[in-house]
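Asker:
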């Protein structure tokens, strides 16, 4: 959680703990600006797979949004599939990815 604090500030540990305590949360990943998972509650292969694909997806969504309105900015990307929900919170220094079971 020290890495989370470095990226997200002093309240990060409490926030990450609170997120992970939710019964629907499967795992969380903090991805650095180079696309590598810095900290995760998932196994390394799953974290690397989600890090790569969700980070790319958020960049595509952000670029599409900029083409629609150059003054707008992507804040949160939420993807819902039959089995899983993924929430990506992009930032210049990191991406926070939260994976949840579908209700």
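In UniProt numbering, the protein residues as written are 1 to 103.
From the three backbone atoms N, C-alpha and C, an ideal C-beta is built for every residue, glycine too.
1. Can you give, in chain order, each stretch of the alpha helix (DSSP H) that sits fully within the UniProt domain "Roadblock/LAMTOR2" (18-99) and has at least 4 residues?
2. If distances are taken between C-alpha atoms only, which option among 62, 71, 68, 67 comes closest to residue 77?
3. Residue 102 bridges to which residues according to DSSP?
4. Does the stretch 44-58 come close enough to the stretch 92-100 to have 3 or more Cβ pairs within less than 8 angstroms?
5. By the 10 Å Cβ neighbour count, where 16 or more other Cβ atoms means buried, how is residue 68 classified, buried or exposed?
6. Give the C-beta separation of residue 58 and residue 29 to the nearest angstrom, bearing in mind that I take them to be a contact with Cβ-Cβ under 8 angstroms.
Answerer: Inspection of the coordinates gives the following:
1. 44-68
2. 62
3. DSSP lists no partner for residue 102.
4. yes
5. exposed
6. Between residue 29 and residue 58 the Cβ distance is about 12 angstroms, and since that is not below 8 angstroms, they are no contact.
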